[in-house]
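K.L.:
Shown below is the structure under consideration.
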Amino acid sequence: MAAGSSRILRYLLFAFFGVMVLYFISSSSIPRPPIPAIPTEGFHWKGSTEGPTVDEVGGEKPGALNGQITSTAAVKASVASSQPLGTAAPMTPKPTLGLSPTVSTEGKMNATFVTLARNSDLWEIVKSIRQVEDRFNRNYHYDWVFLNDKPFDSTFKKVTSALISGTTHYEEIPEEHWSYPDFIDQERARKVREEMAEKKIIYGDSVSYRHMCRFESGFFFRQPIMNKFEWYWRVEPSIELYCDIAYDPFKFMADNKKKYSFVLSLYEYVETIETLWDSTKTYMQKHPEHLVKGNAMKWLSDDDGESYNHCHFWSNFEIGNLNWLRSPAYIDFFEQLDKDGGFFYERWGDAPVHSIAAALTLKKEEIHFFNDIAYYHVPFTHCPTGDQFRLDHKCHCNPKDNFDWKGYSCTTRWFDLNKMAKPEGWEDEKN
Ligand SMILES: Nc1nc2c(ncn2[C@@H]2O[C@H](COP(=O)(O)OP(=O)(O)O)[C@@H](O)[C@H]2O)c(=O)[nH]1
Ligand SMILES: *[C@@H]1O[C@H](CO)[C@@H](O)[C@H](O)[C@H]1NC(C)=O
Ligand SMILES: [Mg+2]
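Under my numbering, the final residue of the sequence shown carries the number 457; numbering is consecutive throughout.
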């Protein structure tokens, strides 16, 4: 009798305990409702045209089962992360995202992201990739080309391709695009590096940096993989994108007949380009046919081409037209520069090279300032001027950091040359 009732009591206790546990699990797995938006002036909920919703990209609907599913996924993820990358760890399959309603394959441009990187750049380039995907590419799925003077290793490929929503390509650069041309006197080049090291010129003693600058100036756009595309967007490691990009910049470029674009501009370090303008003048004399009427020469020179004022677009960000870079106008320019040897006898950067070419061989209207692409590459920030713009585009940059209107920026000159109205509030950001 006593034994029987205590057994019943035990059963009851077990049952009660079990119910409590179940209740606890299910109530803790009920998804929290979204934090209600505080309506502010000028704030709009974006409609379904904005991009795929959670349902469309295959997310689970909130419900009792949801907790179980996510916790299983969490277990899987922790198992996966506890195993070395080389083994066949169970992985969450890459969801096949449908294109968002506003973007059909027809609207997709013939375009790719492009990144030059070393294997050791992996953990810095992934930060850039994540931001590009979050702010833009998750809705567009453009391809991404990676270029390297060495083969990419499997970790680099695995990690980057998992983050990118488009097709990824990994290519090794041929030796002749990353070495001294035979006409270069390597002894002279070595002495220059020693001198620059003593003068503490940034990257002044680096051989690889010079190969990099020459490659970005003359070869990235004619790698076989790049020949498949018309448009490129260059992305470097450790950059930030601070605002949502709510439209396709490639399409904008095409629709508005743009060929080259920038977000930051500044004066180049003179010691690295002492004779770059001399070579430019040789090119201008040899190839007057490439100099376009209505170009942006006035942005480069304050004395009609006699001297260079050192203004250049910062080329670690670029959206541009590859066919322009592959045109005789650009190639003739690069070849003149290459023959003159300044990539090795000085330390010419690809930024002034691209910039001078753009300013001479394009109409100034073909060069675009992407005000709405908020960007950081150490040590400069482009944070769009105007509070409402930054709120509407969910920006996370500090307007105080905006470099656009500072004394060392060439962007004010760009606005003046093109008679563009500066955004309200620009004067407060001057200093
Ligand atoms: N494959 C490869 N990429 C390089 C090398 N040096 C620089 N890069 C890449 O070239 C770009 C510019 O280099 P970075 O170090 O960012 O120069 P900075 O922005 O001028 O300071 C980045 O995308 C780098 O990842 C190199 O030796 N090999
Ligand atoms: C993309 O552009 C490249 C370069 O202009 C061209 O060769 C290629 O055929 C284009 N591809 C498509 C699908 O239009
Ligand atoms: Mg960089």
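Ideal Cβ placement from N, Cα and C applies to all residues, glycine included.
Please read all numbers here as calculations on a predicted model, not as lab measurements.
For the beta strand (DSSP E) containing Y402, list its first residue and its last residue.
P.N.:
Y401 to H403 is the extent of the beta strand (DSSP E) around Y402.
K.L.:
Could you spell out where the beta strand (DSSP E) holding Y371 opens and where it closes?
P.N.:
Taken as a continuous stretch (DSSP letters only), Y371 belongs to no beta strand (DSSP E), being part of the alpha helix (DSSP H) at G368 to Y371.
K.L.:
Take every Cβ of the segment 421-428, pair it with every Cβ of the segment 319-326, and state whether three or more of those distances are shorter than 8 Å.
P.N.:
Judged by Cβ distances under 8 Å, the segment 421-428 makes no contact with the segment 319-326, as fewer than three pairs qualify.
K.L.:
Am I right that I199 and L173 are in contact with their C-beta atoms under 8 Å? What's the rounded C-beta distance?
P.N.:
Rounded, the Cβ-Cβ distance is 6 Å, consistent with contact.
K.L.:
Restricting to runs no shorter than 3 residues, where is the beta strand (DSSP E) found entirely within the segment 378-429?
P.N.:
Complete beta strand (DSSP E) runs here, min 3: 393-395, 401-403 and 406-408.
K.L.:
Roughly how many angstroms lie between the CA atoms of P405 and H313, to the nearest whole one?
P.N.:
So the two alpha carbons sit approximately 37 Å from each other.
K.L.:
Which parts of the segment 134-190 are runs of the alpha helix (DSSP H), unbroken and 4 residues or longer, counting only runs that do not cross its ends?
P.N.:
You should have 148-161 and 180-189.
K.L.:
Count the C-beta pairs between the segment 303-311 and the segment 403-417 that are closer than 8 Å, then say yes if the count reaches three, no if not.
P.N.:
No, the segment 303-311 is not in contact with the segment 403-417.
K.L.:
Is the CB-CB distance between E300 and H338 below 8 Å?
P.N.:
No, Cβ-Cβ distance for E300 and H338 is not below 8 Å.
K.L.:
Say whether chain C places a C-beta atom closer than 8 Å to the C-beta of M222.
P.N.:
Given the protein chain composition of this structure (a single chain), no chain C is represented.
K.L.:
Ends of the beta strand (DSSP E) at G471?
P.N.:
It is not possible to answer for residue 471, since the shown part of the chain is limited to 27 through 457.
K.L.:
Does DSSP put T193 in a helix, a strand or coil?
P.N.:
Residue state, collapsed to three classes: coil.
K.L.:
Looking only at C-alpha atoms, which of V185, V218 and F162 sits nearest to G367?
P.N.:
Selected option, being the one with the closest Cα: V218.
K.L.:
Excluding the five sequence neighbours on either side, which residues of its own chain have a C-beta within less than 7 Å of the C-beta of D270, listed in chain order?
P.N.:
Cβ within range, chain order: R161, H419 and K420.
K.L.:
Give a yes or no on whether the C-beta atoms belonging to I382 and L326 are separated by under 8 Å.
P.N.:
Their beta carbons are under 8 Å apart, which means I382 touches L326 by this criterion.
K.L.:
Is the beta carbon of L443 closer than 8 Å to that of K324?
P.N.:
Cβ distance < 8 Å, so K324 and L443 count as in contact.
K.L.:
What is the rounded straight-line gap between the Cα of H203 and the Cα of F241?
P.N.:
Distance between the alpha carbons of H203 and F241: 6 Å.
K.L.:
Could you tell me which of T411, L267, K365 and R352 sits nearest to T387, measuring between CA atoms?
P.N.:
That would be R352, whose Cα lies nearest to the Cα of T387.
K.L.:
Can E256 be considered in contact with ligand 2, in the sense that its beta carbon sits closer than 7 Å to one or more heavy atoms?
P.N.:
Indeed, a heavy atom of ligand 2 lies less than 7 Å from the Cβ.
K.L.:
Below 8 Å on the Cβ atoms is my guess for R260 versus F182; work out the distance and round it to an integer in Å.
P.N.:
That belief does not hold up - the Cβ atoms of R260 and F182 are roughly 18 Å apart, past 8 Å.
K.L.:
Between the alpha carbons of E436 and L290, how many angstroms are there, rounded?
P.N.:
What sits at residue 436 in the sequence shown is Cys, not Glu. Near 8 Å, if we compare the C-alpha coordinates of L290 and C436.
K.L.:
Note down the Cα distance separating P65 from D169, rounded to an integer number of angstroms.
P.N.:
Legend: pLDDT at P65 = 35, less than 50; position of this residue unreliable, no value from coordinates given.
K.L.:
Go ahead and pull the three-state DSSP assignment for W259.
P.N.:
The answer is strand: DSSP assigns W259 an E or B state.
K.L.:
According to the neighbour-count rule (16 or more other Cβ atoms, all chains shown, within 10 Å of its Cβ), is M252 buried or exposed?
P.N.:
Per the 10 Å Cβ criterion, buried.
K.L.:
Which residue from P378, E372 and H167 puts its Cα closest to that of T194?
P.N.:
Measuring from the Cα of T194, the nearest candidate turns out to be H167.
K.L.:
Out of curiosity, what's the CA-to-CA distance linking T298 and C239?
P.N.:
Roughly 12 Å separates the two Cα atoms.
K.L.:
Can you say whether L417 is buried or exposed, counting buried as having 16 or more other CB atoms within 10 angstroms of its CB?
P.N.:
L417 is exposed by the Cβ-count criterion.
K.L.:
On a Cα-Cα basis, can you pick out the residue from N349, M446, I399 and V379 that is closest to E361?
P.N.:
Comparing Cα positions, the closest option is V379.
K.L.:
Among H336, I227, D281 and I155, which one has its Cα closest to the Cα of I190?
P.N.:
The shortest C-alpha separation from I190 is found at I155.
K.L.:
In the DSSP assignment, find the alpha helix (DSSP H) that holds S234 and state where it starts and stops.
P.N.:
From DSSP, the alpha helix (DSSP H) with S234 extends over V233 to G244.
K.L.:
Quick one: residues in its chain with C-beta nearer than 6 Å to the C-beta of E523, no 5 flanking neighbours on either side, listed in chain order?
P.N.:
In the structure as shown, the chain begins at 27 and stops at 457. Residue 523 is therefore absent and cannot be evaluated.
K.L.:
Could you give the distance in angstroms between the alpha-carbon of V158 and the alpha-carbon of T186?
P.N.:
Spanning the two alpha carbons is a distance of roughly 12 Å.
K.L.:
Indicate whether G451 and K277 have their beta-carbon atoms separated by less than 8 Å.
P.N.:
Not closer than 8 Å, so no.
K.L.:
Mapping the DSSP letters down to three states, classify V47 as helix, strand or coil.
P.N.:
Any reading at V47 needs caution, since the residue's pLDDT is 45, under 50, leaving its predicted position unreliable; the model's value is listed next. Of the three classes helix, strand and coil, the one that applies to V47 here is helix, per DSSP.
K.L.:
How many angstroms separate the CA atom of S287 from the CA atom of P449?
P.N.:
Distance between the alpha carbons of S287 and P449 is about 19 Å.
K.L.:
Exposed or buried, which one is D330 when buried takes at least 16 other CB atoms within 10 Å?
P.N.:
Per the 10 Å Cβ criterion, exposed.
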